[in-house]
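Numbering (the working numbering), first residue to last: 881 to 1156. Where a beta carbon is used, it is the ideal one built from N, C-alpha and C, also for glycine. Treat the numbers as computed from the prediction; the structure is a model and nothing was measured. What follows is one structure encoded as structure tokens, with my remarks underneath.
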Ligand SMILES: [Zn+2]
């Protein structure tokens, strides 16, 4: 799934590759996908976007927001977007296809699930509005004070570190992917209760969250996710399914996997102790 580092990378690439191009063909909903959702009928998307010019793209949490004249196209985190120089290299299956007047194209393919939502006016998409209302961890507005204000909330103190960071859109665009290295670098077990963290650990978590996401973004995303051109990012993920049973880079204890809160967690049992 695309998270903050990849979405920021793809937004930057879109601004360089397709901004200013004119759309001359739109196909929405070509390949049926039960878990691909559109707002309204996919054909509506074609009516709105055809003959329009691509404007600025922004990352809004885990959502890619593309301004297309008076419309906004929002692609959620489960949508893989590719730019192709020649339309003939377009894959046979897709959920949205935008062809440009110079014969290049953008193709969106939904993986497990994902939203392709087009709006003629202001979006009413609640995830988008929520993400828009919160500071990005890459911005200065996501300050130590802001993070502390989240960590002292009585309802959040009951949560585990994973639940706190990556559920309920508390930090939009931060999900179960980037979470693993953030917690490893903070030496915090994903199941630790937030109420059990010392002030020093909360500071370390804040620092890790900011610096890990900055590094992942600077490297063009993680090496297990692809960018607009189908290339994996340069950030080498430390804790992932590819590194289970490898030695921890800090203490050489073997990296463990556990299933927790609807997804796997990867951690070093020595560096990230559950009980202190
Ligand atoms: Zn370790």
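Does the distance from the C-beta atom of residue 962 to that of residue 1110 stay below 7 Å? Closer than 7 Å, so yes.
What is the rounded straight-line gap between the Cα of residue 1137 and the Cα of residue 1102? 19 Å
The beta strand (DSSP E) enclosing residue 980, as first and last residue numbers: 976–980
Near ligand 1: residue 990 beta-carbon under 6 Å from a heavy atom: Checking the Cβ of residue 990 against ligand 1 gives no.
Measuring only the C-alpha atoms, how far is residue 995 from residue 1154? 36 Å
Any chance the CB of residue 1130 is under 6 Å from a heavy atom of ligand 1? yes
Are residue 993 and residue 907 touching if we call contact CB-CB under 7 Å? no
Let me know the alpha helix (DSSP H) ranges lying completely inside the segment 1015–1075, each 4 residues or longer, listed in chain order. 1024–1031, 1034–1037, 1041–1046, 1059–1065
Could you tell me whether the Cβ atoms of residue 1133 and residue 1122 are closer together than 7 Å? no
Is any non-hydrogen atom of ligand 1 found closer than 6 Å to the C-beta of residue 1136, if you look at the structure I gave you? Result no, Cβ not under 6 Å from ligand 1.
Quick one: using the 10 Å Cβ neighbour count with 16 as the cut-off for buried, is residue 1078 buried or exposed? exposed
Span separating the alpha-carbon of residue 835 from that of residue 1061: This structure cannot speak to residue 835, because the chain is shown only from 881 to 1156.
Kindly indicate which residue of 1074, 1003, 1053 has the alpha-carbon position closest to the one of residue 1030. 1074
Using the Cα positions of residue 909 and residue 1135, report the straight-line distance between them to the nearest angstrom. 41 Å
Under DSSP, the alpha helix (DSSP H) around residue 1083 begins and ends at which residues? 1079–1098
For residue 1141 and residue 1043, I'd like the C-alpha separation in whole angstroms. 8 Å
Closest by CA to residue 954, which one among 1039, 1012, 1094? 1012
Let me know if residue 1108 comes out buried or exposed under the rule of 16 or more other beta-carbons within 10 Å of its beta-carbon. Buried, since its Cβ has 16 or more Cβ neighbours within 10 Å.
Thinking C-beta only, is residue 979 closer than 7 Å to residue 990? no
When every heavy atom of ligand 1 is checked, does at least one fall within less than 6 Å of the C-beta of residue 1150? Yes.
Between the CA atoms of residue 1084 and residue 1054 - distance to the nearest angstrom: 17 Å
Inspect the beta-carbon positions of residue 1070 and residue 1046 and report whether they are closer than 7 Å. no
Shortest alpha-carbon distance to residue 881 belongs to which of 893, 1016, 1063, 1056? For the residues 893, 1016, 1063, 1056, the minimum Cα distance to residue 881 belongs to 1056.
Opposing strand residues paired with residue 906 [DSSP bridges]: BP columns for residue 906 point to 978.
Using only the alpha-carbon positions, how far apart do residue 1188 and residue 927 sit? Any property of residue 1188 remains undetermined from this structure, which presents the chain solely from 881 to 1156.
Give the DSSP-derived three-state secondary structure of residue 937 in the structure shown. strand
What does the alpha-carbon distance come out to for the pair residue 1034 and residue 1072? 16 Å
Buried or exposed for residue 1025, please, with buried defined as at least 16 other CB atoms from any protein chain shown within 10 angstroms of its CB. exposed
Please determine whether the Cβ atom of residue 1123 lies at a distance below 6 Å from any heavy atom of ligand 1. no
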